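Written out below as structure tokens is the structure these notes cover.
2 protein chains.
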Amino acid sequence: MLKIYEFPGFPNPARIRIALGEKNAINKVSFVTVNVLAGEHREAAYQAKNPSGTVPAMELDDGTVISECTAITEYIDNTFDGPPLTGRSAKEKAVVHMMQRRAEVRVVDAIAAYYHHATPGFGPELEPYQNADWGLRQREVAVGGLRYFDEVLGKTPYVAGEQFSMADITLYCGLGYADFTQIDVPAECTNLLAWRTKVAARPSVQG
Amino acid sequence: MLKIYEFPGFPNPARIRIALGEKNAINKVSFVTVNVLAGEHREAAYQAKNPSGTVPAMELDDGTVISECTAITEYIDNTFDGPPLTGRSAKEKAVVHMMQRRAEVRVVDAIAAYYHHATPGFGPELEPYQNADWGLRQREVAVGGLRYFDEVLGKTPYVAGEQFSMADITLYCGLGYADFTQIDVPAECTNLLAWRTKVAARPSVQG
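As structure tokens, then:
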């Protein structure tokens, strides 16, 4: 059985739970908690599995460990039945991967940089290097990213076009991360807010 | 005909030229130079095509513009005949995407952060915000990334296993970027250096 290493409630692990939910596959994997707040992800045992030291990671039956959300989602999408999350045609796949990367760089990763560099983050022991100026700059990137996606969602129902995809999952979890770090979605981002309500109603998100 | 917007010699555009070369498809696209050193990528005309303001970007016949190297490479791989660059099975695809992301985060993007933040980069007009401390930290990340990939390449002939893939292209172009920014590959990284010689001999790289 596939094993998912995660920390419940964190934004990146949430992406994988939603992807699995879209495929009706939550019961086809087992979840293992890595105690990130106690630094377990930095310990040798976990680093031997995932040298990136991140959660989530996915362990296949043959022992192969896959980290990085895009890679894990590709596996889930190519393994389980259900609606495609990474596109079908060459063009759809390209658009999904483009929007996935934008949702990472401009929202999820930017918020992570803000959280780990310009707030106490995980606390002094787990944040030995902080660069507040960088973190604050990335906070601005994130707010710009929210405005960008508001514009996108004024034109198409989902982030990568007509169909729900992994890029929606990434952006949706990014908004949860924004809440957690007290970055408000600008009130004028009405397309983004309406899309958020719509995505929140999906069974995969309701969990 | 597919159009590729690029700046010749830059590391990310080079990734797309090699991907096209692997597919014997260099002659199936046209190249358009965006004068990045004059700031053309920041101008409204280019931003209307690619809101990320980056090169490379790829324009399809229907006017759709795809940016982000992973997305462009997915399109190339799924459109042209030739050896697969993004994996075949679900597991291969996952490993390729995982290693692609690591080669970006730990090498190409880390070197870019060093170059744009801790060196003059494109010069004062095009680098209005610099954070030297962040850039120097990312230089350390890059050197750590080179050591990581040396270890990987001690176990498998290519970055994502037995087959050459887009992750090799990314790392290879990252090494070119390291040369350009005067980050030396540590001499003890003999696996990485041997792999580099092998990849350099590929017709797609020879151009």
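Protein chains in written order, with our numbering: chain A, 390 to 596; chain B, 390 to 596.
From the three backbone atoms N, C-alpha and C, an ideal C-beta is built for every residue, glycine too.
Please read these numbers as outputs of a predicted model, since none were measured by experiment.
In this structure, the beta-carbon distance from VAL496/A to ALA521/A does not fall below 8 angstroms. For PRO472/A and CYS458/A, the gap between their C-alpha atoms comes out near 18 angstroms.
Under the three-state reduction of DSSP, ILE407/A is assigned to helix. If you draw a straight line from the Cα of GLY476/B to the Cα of ASN424/A, it comes to about 32 angstroms.
Judged by beta-carbon spacing, ALA567/B lies beyond the 8 angstroms limit of ALA556/B, meaning their Cβ atoms are not closer than that value.
Listed along chain B, no residue sits closer than 9 angstroms to TRP584/A by beta-carbon distance, the nearest being about 18 angstroms off. In the assembly as shown, ALA507/B is a buried residue. Its beta-carbon has 16 or more other beta-carbons within 10 Å.
Interface annotation for the region 518 to 532 of chain A against chain B: TYR518, ASN520, ASP522, TRP523, ARG526, criterion Cβ-Cβ distance under 9 angstroms. The Cβ of SER419/A sits no closer than 8 angstroms to any Cβ of chain B.
Burial state of LEU581/B is buried, judged by a 10 Å Cβ sphere holding 16 or more other Cβ atoms.
When 7 angstroms is used as the limit between beta carbons, SER441/B is near these residues of chain A: ARG491, in chain order.
For chain B, the residues of the region 537 to 566 of chain A that bring a beta carbon within less than 7 angstroms of one of its beta carbons are TYR537, in chain order. Within the region 457 to 504 of chain A, there are no complete beta strand (DSSP E) runs of at least 3 residues. Your pair THR462/A and LEU474/A checks out as a contact, with CB atoms roughly 6 angstroms apart and the cut at 8 angstroms. When DSSP states are grouped into helix, strand and coil, PHE569/B belongs to the helix group. With respect to the C-alpha of TYR518/A, the residue from VAL494/B, ARG526/B, MET487/B having the closest C-alpha is ARG526/B. Between GLY563/B and PRO400/B, the C-beta spacing is below 8 angstroms. Taking the Cβ atoms as the reference, ILE405/B lies roughly 6 angstroms from ILE393/B, within the contact range of under 8 angstroms. Excluding the 5 residues flanking it on each side, TYR504/A has same chain C-beta neighbours closer than 7 angstroms at GLY510, THR570, in chain order. In this structure, ALA479/A and ASN467/B form a Cβ contact; the two beta carbons are roughly 4 angstroms apart against a cut-off of 8 angstroms.
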